[in-house]
Structure formats: C-alpha cells, structure tokens
Amino acid sequence: MAIEDDVLVIGGGLAGATAALAAADAAPDARVRLVTYKQSTLRHASGLIDILGYAPGAPEEGPLVDPFDALEDLPQGHPYERVGSEAVREALAFFDETVGDAYAGDHTDANALVPTHGGTVKPTARYPVAAADGLASDDRDALLVGFETLPDFEAPLAAAHLEAAGAPFSARGVTVPFPGIVRDDAKVTRYAHLLDHDESVATGAGETGAREALATTISERLEGESRVGFPAILGDERADAVRADLADALGVDVFEVPMGPPSLPGMRLEDLLYGALEERGVRVTSGVPVIDFETAEADAVAADGGSGDDRIDRVVVDRNGTEVPHRADQYVLATGGLVGKGVRSERERVFEPIFDCHVPHAEDRYDWFVDDAFGDHPFARFGLAPDRDLRPLDARDDPEFANLRAAGAVLGGYDFAAEKSGAGVSLATGYVAGTRAAEEGE
Amino acid sequence: MATDTEVLVLGGGSTGCGIARDLAMRGLEVTLVERGNLTDGTTGRMHGLLHSGGRYAVSDRASATECIEENEILREIAGHCVEETGGLFVQRPEDSDDYFREKLEGCRDCGIPARVLSGREAREVEPYLAEDVKRAIEVPDGAVDPFRLCVANALDAETHGARIETHAEVVDLLRDGDDVYGVEVRHESGPGKRIHDAAGTTEEITAEYVVNATGAWAGQIGAMADLEIEVRPSKGVMTIMNVRQVDTVINRCRPKGDADIVVPHETTAILGTTDEEVADPDDFPEDQWEVDGMIDTLSELVPILEEARTIRSFWGVRPLYEPPGTGTQDPTDITRDFFLLDHAERDGVSGISSIVGGKFTTYRAMAEEISDHVCEKLGVRASCATAEEPLPGSEDIATLEAGMDDFGLRSPVARRSKQRLGSRASEVLETDAANPVICQCEGVTRAEIRDAIDQSGSDLNAVRIRTRASMGNCQGGFCCQNMANELHPEYDEATVRASLDELFQERWKGQRHALWGEQLSQAMLNYALHATTMNRDRDPANEPTAIDFADFDGGA
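Here the protein sequences come in this chain order: A and B. The opening residue of the first sequence carries number 1 in the working numbering; numbering runs sequentially from there. The opening residue of the second sequence carries number 1001 in the working numbering; numbering runs sequentially from there.
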C-alpha cells in the first residue's frame, strides 16, 4: 500500500526544506513529508542568504543597496515576479524566525557586503552570525588569517584584494600553521572537529587545547587590529563556542570568511533546517530518488495531451532497489537546477527528469552559452516556467499538473549567480509553494 | 658585424624547442622566440599520439619507418613523457579485408612489430570495443604528453645556454638586401615571465642564421621578407573525455577518414580528428557538427562513447606543406613528411631557412636534420647527441620508482607527481614546507605548482601545461583560484587577479563545446562558485565605479 501524505516535497535543499516547513506551518495538522536523494547543494553554497545583489540586465549599476527596491522592476517570468515582492518579505521573515539568532542582517533592509575567500566582497541580505564581524562596511581594521595547509584561502592576497576593492579599512593577512593538523590535505571538517572538541594538540610549549593553541599562534601576530577573520572552519556543532573562546583569548572580535565547497556554513544551515523540520514533525526520507510517477487518470492524460487538469496520483521512490509508492494530495518539486540535477541535459535537449515538465531552451546547444565565461549565459536560466501559483507550465502555458508546484533552482527565468539571488528565490518560492500546497490540500 | 645570437629559432613548438636543444647541445648560441606560451600553436593542440608508424604503413612507408625509429628513441630519452599504451588497428565488418592485409604487411615491411588479434582477443584487451569488431592489429603506439616533452626540450636548451623568450611575437624580419639578419619582436603584455624586456616594448634580435619553425604560421613569417611559403593549414578537432574508456590507442583500420582514433591520455581519452583546410591558422570556424560527428563515428568502435562525459574540445592546425605544383586537393592526401626550405637556394635570400610539414612523433629527427643544415651553413663541426641524451626528468627513469619514497603524499598523488616529474621528482617534491594538493582532479601539489611558477612566471596557463592542474573533470572550477593563490606574494594582487581571470577564460573556451549532461552541470557549478560565492563576475576591484560602503549594512 502506498505511503499517504498531504504534502510531499521532493528535494532537500534550501527550497525543499523551506517548502516543507512552510507547509507544516500553514496546516499544522497536515502530514508533510520530504524525500531527498543526494546530499543537497547547500554544502557547495556559502551559507549566505542573498535576496538580490545586482539588478538583472544592469550589472554596471553596481551592487544594490536595497534589494527590495529592485524587486518591483523584475522582468515577467522571474520567480520573484511570479510570487510578488510581498511574498519575498514574508519568506525572509519566515527564514529569520526559523533560524533565530544563528543569522544576522534583519535589522535593516540594506544589503551587507561580506568578504569572500577570493578577497572580493559580495552583497547579501542575511549572513551567519559567524560572519557578522567581518562586514566590509564596518571600518575597523582587520587581520585575516590563513593556514599553510589550506590552499583555498590565501589571507595576505585576500587582504590586498579587499583594499583593491576599496574597502574602508585596512586589512592585513598572515599565513600560519594550524596547530594539530599534521596531514597536508586534511579535510575542512577535520579542522572544525579539532576545534569543536578542543582536542589536545602538541605545541612548542607542550600539550594544550586546539582553541588555545590557535589563539596563541594568532596573538603573536596581532598588530592592534580589533577583528580577526578566519576561513570558515571554526567548528561545526559548537561553532559559537569556538568563536567565543577565540575572541576571549585574543581580546578581539572573530569572524569567518565564507568558503567554497565543502562549506561548513552551508552544512550548518542544513543542520538548522533539518532540526526545524524534525521539530515540526515533518517526515524526512533521505537517500532515495524519485524514479517514476502515476497520474490519477492515466488514460485521460494520453487522450487530452495534458490539459492542466491532470493530477499526480503517486510517485515511486527507489529504496535500495525496492520501489515504494508515495501518494500525496499536493506535491512540491524542489530538486535543484543543473547543479543539483533537477534539470538535466543531453546533446539535443534540456529536460526535467522526474515529471518531464517543460524546460524552455534553444534547440541548438550552441545557443545555450555565450563566449565570455562570465557572460549572460542562457543555460544559467534553464528551468521550469511556472504560473503565479508556481505550477510548472507546459509548452502551451498550461499547468503540467494541477497538484504540482515547483520551487528553488529547478525554476528557470533567472540567473542566480549573476544576480546573487539563489537563496532568496529558494526561500520565496519554497515558502509560497509549501504554503499554497498546504492550504489547497486542506 | 656582431650579432646578438648565432642562431635565432622562431617558434616554441616541438620543432622549435627540439632545434634549440639540439643546437645548444652542439655548443651554439641559440635564442628562441615564441609568440605565446611554449606549445601554443600546433604542439599543444594534438591528440598526444606517439605514432608507431602503423598509421602510415600503407600510404607513406618512409614516414612509417621514421616513426617507429623515433618512437623507440623517445621511449628512451623521454620516458617521463611517454606512456607505452600499445595500439590497435581495429576492423569493423564493413571495413575492407584487403586494406587490413595491406596494413599488416606494411607494418612488417617497415619494422613495426605487429600482431593480429581476433575480435574476441581484441575485446579482452579493450572490453568496451563494439561487439561486432572483427579483428585488430596490435602495434606499439603510445601516448605522449606534448606539453611536458616540449617544455623539457626548452629547459634542456636553457641548461645549455639558450635564451627561450615566450610571449614575444615576431613583427618583422630584418633584411638587408638579400640577407635576413634577425627579427624584430614585440614583447606582449600579459602575466607571463619576462626575461629581458618589459611588456609592450619591441626588441631587435640579430643573428647569424634564422630558422623559421613556426609551422602553420611559416607563410606569415616568410611574407615579412617577401618569401612565399605555401603552407596549407588544416584544422582538426579533438574531444576530451573525462575518463579513459580505453587503455590502448584505438585506430580504425581503414584507408582514411575523419574520427578514427581514440588516444588514452593521462586521466582522459582524446577523440580525434578531422582534417579540413583553412585559410587562416588563427581564425577558423569551430563547428558543432565536428564534435557531434566525431562522437557519433567513434561510437561505432567504442559504443559507450555515445553516453560518456566530454570535458572540452579543441582544434589544432596542421602545418601541411607540399612542394609547389603537386596540386593535391584533399588535405588528407598531403604528405606528412617535412621539408627544409633553404631560402638562399630557393629564393636567393640568405640567412634563413624554413621548416614546414612534419609531425610531432618525428620532431627530434627533424630537429637533427635542420641542425645539421644550420651547422653546415655556419661552418660548425659538431654532431647531434639528442638521440642518446635523456631529457630533463627522464634520467635514470628505470631506477626511479625503486629508489624514491613518496614525499609524504597520498600514494595516488605521489604516483601521478612522479609520472609527471620523472627524475626531477626528488628535486621538486622534497620540501619541509606544507605541501597540500592544489588540483584535486589531477593530484597536483603546491610544490609542483611552485616549481612551474619558478619556470614560467605568473602565467597560469604556462603553469597549467607544466603540471596539468585545472585540466581534469572540473576544468579549473575548483582549483583555478588556488593555483592563483600560489602566485602571491611573489606577484602582486593585481597581477594575480589578471592571471586568474586569464586562466579561467581559457578553461571556459574549450568547455563550450562540451556543454551538455555532466559537463553542463559542472559548468553551472563552476559559474556558481566563482560568481555567487566569490562574486568574481562583478568583482568591485575590477569595476569602474567605487562602491559607497557606508550605504550598506555595517552591522547591528
């Protein structure tokens, strides 16, 4: 017999988790389930929550101070335009409430400029508290610390780059050995684990805790700076305590610079979201792909070619080779974009692999890209085109299924990388799709 | 008249670098100038096949014989650049039995070890061969790293006193009446190593003799001194797969045709190629059908190629030449032999010769012949030693593995490093400093990157060809930034940023022809990491308008 739910969310990234949380919030009695396959792309992501950093089509205008100002002018079909700017604010407020004091930035509508591990700055709406003391608009001088064994962050270069970007403070970088790291290619999670557990490490002065050893290494290099930035490896489960201990020992504020994958800030956000899902009683089934689906009236689908009245009756997930049907009243598709494989391609076509929803794209794959690596790439906009209720539309602009909504990067019509809007779109569309799914299911 | 150098070699490909090494080893004073990086022209754009000669065993037996001789020499003197994969000439049911027999006889007549395998035996060697493959001829084809080999020649030339000047474009030949006595070069702007002159300046370099080894560009150089050199540049596409579907070289056993070879190369396999004459070696169309046609045709031999992940495609230009009056219509019919054009004999202009035609596998023999010619012109009596003296990195290669520890590296990383560095491994990898892996796909550590920077300066593409960093699955998405980090603090922030941008764009260029499936997914991830996480697409340091930081959130 099929597993029965009111709302079934497919995909466990920021959009899927938000959709499931929003559904549980909108209809507290509803049975909400989230099924995920692979690790979410959150571990690739910086952990910053961007709403809109640059106006689409006008990058020369520089970073937007107020992202909400620009929401009204977005082109038709942009996910923000689909859900409306009020929903974006609601979704962000919902996020703020969900993550509590783990994130900062809600005291103002203005974007923050956060230093990145490449040494530039990027506009974002919310940032982990771990990054809060690193803001580039803060004019306190900063010392950046890199580690000899961590080639992703060259602190002296990042400091020089921040100055080239015009940051209103003096930045200096030093590179030091990380106490307790003996392997030259230890994973970033190893650094975090050492600090989380304050493991005993050998130093010139004998055995001491990793936090103290690190602080001692840095204190010798401080030259009056009032804040110190590290690559984002300062603990995982006990990151707040690690940062507080370092700040105490150094007598200065301590912050993290967001990093590339695997990204601890991304993983910490994932943990926060999954904690919230558990609190709200959302059932989570992970490690299983959705491999097939059935509609309520399979014959009718074939006959009318998809009129928008078709309903998904059930999906089939593959659990270690066993096909398990899951039936729900409403479905949310949040499987990600090209990176998360919610949108896939072959030499001749671009497609959505579960429901085969329509993905608008040029026929010739040489029209999918432009010649400049950072140019205006059509592939960056690949994804489903939804109606204002976030139901994916077919080639004739009719909803593919009456009870399917889509959220996050599986949606098309926006270039999250150029706009710096990825997290915001996932939040806003996840929130709207989850809320509507729950309300309609009632 | 005193000259700056005895011999001036134009062109930093395999031929030019081979000539520079040969002459420098004979004790001559040599200067080599190259427009871009070493290997930038044809050498860096080949499929990496070390010919056994089997390919020419029917059509061109002189070339075939020369190939097998040079093949054996390169295994000896350049072991760290060669992988002895072996090769198969594979016959499909529709391919001619007569040709198969001619190929086998040709190989044997030319001294190429050749053995016939049944279809079943061939599939035991290469399990992904098509089920209906009839039989195959096994020959000693190999894979060679053209970057590593070319750079090793240049390094050895330098060791013997040569000046190797990259990023120096010849803008004029210096001619006095009927005598060419040097060139004018422009030192290019850009992040590369500058040994003698600042970017944007020009320099006249005079020489007793000039050797034009610019391959497909030889005609353009000749035109600067009103010399007509009828090279016929012919383009060919190659597509790189992300894994090795085959571990031996797979050739299609038929007379000629596009898309008939798969070469396993390091972590990849390279599909090749097409053959189409072009007017300008710097400007020709790179067409989608060429890539698609190659995948489709080679899938007849190795069916899984149809579904496999490609990581990029690139086009090379052959420096084909045929003596005037031959009138061959089809570029595939033009001989792969090389020609030495003595312009004094041919055109009445002294002081210069041009080298045209030829192929990578026989670069050393070409260099020897040309060097003999130059020595004769200059009245120098010195003999060639390049067939016996190993290249840097290949000395004592047989005893290398036994006598060397792994430098504290994980074993796959150490193995790859040793393959690349050969006998230079100890010198490069023995360090007390932290030596983390910079490029995960290819297992390249900091020590190797820094060694390449020492050799080539801040040009990350020069670092790339020396180390293979950024040439794997992610095509630099994960490691470009880290490679650039290694330039600092030797090079300042602005130089590092420019170098990174240049490498990132170069890596993008070839990927454009592989943008579907897994590689499109990878491209989107790379774009997201560099644009979203690092904001490199809108880097405020590159923007004309300064940000007013005070307008933004400064913290609660």
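We put the beta carbon where it would ideally sit given N, CA and C, even for glycine. As the structure is a prediction and not an experimental result, all values here were calculated from the model.
Pick out whichever of the options has its Cα sitting closest to the Cα of residue i.
i	options	result
LEU182 (chain A)	A:GLU163, A:ALA202, A:ASP198	Checking the sequence shown, residue 182 (chain A) turns out to be Val, not Leu. Taking only the C-alpha atoms, the option nearest VAL182 (chain A) is A:ALA202.
ASP356 (chain A)	A:ALA93, A:THR116, A:GLY383, A:GLU60	A:GLY383
GLU1184 (chain B)	B:ASP1004, B:ARG1135, B:PRO1324	B:ASP1004
GLY412 (chain A)	A:ASP387, A:GLU148, A:ALA142	A:ASP387
PRO1140 (chain B)	B:GLU1121, B:GLY1054, B:GLU1131	B:GLY1054
SER1014 (chain B)	B:THR1273, B:ASP1258, B:PRO1303, B:VAL1151	B:VAL1151
ALA1157 (chain B)	B:GLN1475, B:TYR1099, B:ARG1021, B:SER1411	B:ARG1021
GLY11 (chain A)	A:GLY441, A:VAL410, A:GLU439	A:VAL410
GLY1257 (chain B)	B:VAL1211, B:GLY1517, B:CYS1384, B:PRO1331	B:PRO1331
ARG1312 (chain B)	B:PHE1549, B:ALA1057, B:ILE1270	B:ILE1270
THR1159 (chain B)	B:GLY1348, B:ARG1035, B:GLY1027, B:CYS1375	B:GLY1027
PHE68 (chain A)	A:ALA249, A:ALA24, A:VAL88, A:ARG190	A:VAL88
PHE1478 (chain B)	A:ARG280, A:MET259, A:GLY375, A:MET267	A:MET259
Looking at the C-beta of residue i, does it have a partner C-beta in chain C at a distance below 7 angstroms?
i	result
LYS38 (chain A)	The structure shown contains no chain C; its protein chains are A and B.
Less than 7 angstroms between the C-beta atoms of residue i and residue j, yes or no?
i	j	result
MET1224 (chain B)	LEU1173 (chain B)	yes
LEU34 (chain A)	ALA15 (chain A)	no
ALA437 (chain A)	VAL332 (chain A)	yes
VAL1009 (chain B)	ALA1213 (chain B)	yes
SER1354 (chain B)	ILE1229 (chain B)	yes
MET1471 (chain B)	ILE1438 (chain B)	no
GLY1293 (chain B)	MET1238 (chain B)	no
VAL1356 (chain B)	ALA1207 (chain B)	no
HIS44 (chain A)	PRO261 (chain A)	yes
GLY118 (chain A)	LEU144 (chain A)	no
ARG82 (chain A)	ARG140 (chain A)	no
VAL343 (chain A)	HIS326 (chain A)	no
TRP1315 (chain B)	GLU1286 (chain B)	yes
Take the Cβ of residue i as the centre, count every other Cβ of all protein chains shown within 10 Å, and call the residue buried at 16 or more, exposed below.
i	result
ALA303 (chain A)	Its pLDDT being 47, under 50, ALA303 (chain A) is placed unreliably in this model, and the coordinates cannot settle the point.
ASN320 (chain A)	exposed
ASP1553 (chain B)	buried
ILE1195 (chain B)	Since pLDDT at ILE1195 (chain B) reaches only 47, below the 50 mark, its modelled position is unreliable, and the value read off the structure follows with that caveat. Exposed is the call here.
ARG211 (chain A)	buried
LEU1378 (chain B)	exposed
TYR366 (chain A)	exposed
GLU352 (chain A)	buried
ASP1283 (chain B)	exposed
TRP1289 (chain B)	exposed
ALA165 (chain A)	buried
LYS1467 (chain B)	According to the sequence displayed, residue 1467 (chain B) carries Thr and not Lys. With 16 or more other Cβ atoms within 10 Å, it is buried.
THR1329 (chain B)	Note that residue 1329 (chain B) is Gln in the sequence shown, not Thr. Classification for GLN1329 (chain B): exposed.
GLY1012 (chain B)	buried
ARG349 (chain A)	exposed
GLY204 (chain A)	exposed
VAL1243 (chain B)	exposed
GLY306 (chain A)	Because GLY306 (chain A) sits at a pLDDT of 49, beneath the cut-off of 50, its placement in the model cannot be relied upon, and the following sentence gives the value as read from the coordinates. So GLY306 (chain A) ends up on the buried side.
GLY206 (chain A)	exposed
Need the endpoints of the alpha helix (DSSP H) that residue i sits in, please.
i	result
ILE1453 (chain B)	1446-1456
TYR191 (chain A)	188-196
THR1335 (chain B)	Counting along the chain, THR1335 (chain B) falls outside any alpha helix (DSSP H), and DSSP gives it neither H nor E.
Where does the unbroken beta strand (DSSP E) through residue i begin, and where does it stop?
i	result
TRP1315 (chain B)	1310-1321
ARG74 (chain A)	Reading off the sequence, residue 74 (chain A) comes out as Leu, not Arg. Run containing LEU74 (chain A): none; DSSP gives neither H nor E here.
SER426 (chain A)	Premise fails: SER426 (chain A) lies in the alpha helix (DSSP H), 422-441, not in any beta strand (DSSP E).
ARG1055 (chain B)	From DSSP, ARG1055 (chain B) is part of no beta strand (DSSP E); its letter is neither H nor E.
LEU1340 (chain B)	1338-1342
CYS1375 (chain B)	From DSSP, CYS1375 (chain B) is part of no beta strand (DSSP E) but of the alpha helix (DSSP H) over 1363-1378.
SER200 (chain A)	200-203
CYS1439 (chain B)	1437-1439
VAL1030 (chain B)	1030-1033
Is the number of C-beta pairs between the region 1048-1059 of chain B and the region 1261-1270 of chain B that are closer than 8 angstroms three or more?
-> yes
Can at least three beta-carbon pairs, one atom from the region 277-294 of chain A and one from the region 72-84 of chain A, be found at a separation below 8 angstroms?
-> no
Should the region 368-381 of chain A be regarded as contacting the region 391-401 of chain A, the criterion being three or more beta carbon pairs within less than 8 angstroms?
-> no
Would you call the region 1513-1532 of chain B and the region 418-426 of chain A in contact, with 3 or more CB pairs under 8 angstroms?
-> yes
Any contact of the region 1029-1038 of chain B with the region 1125-1138 of chain B, i.e. 3+ C-beta pairs under 8 angstroms?
-> no
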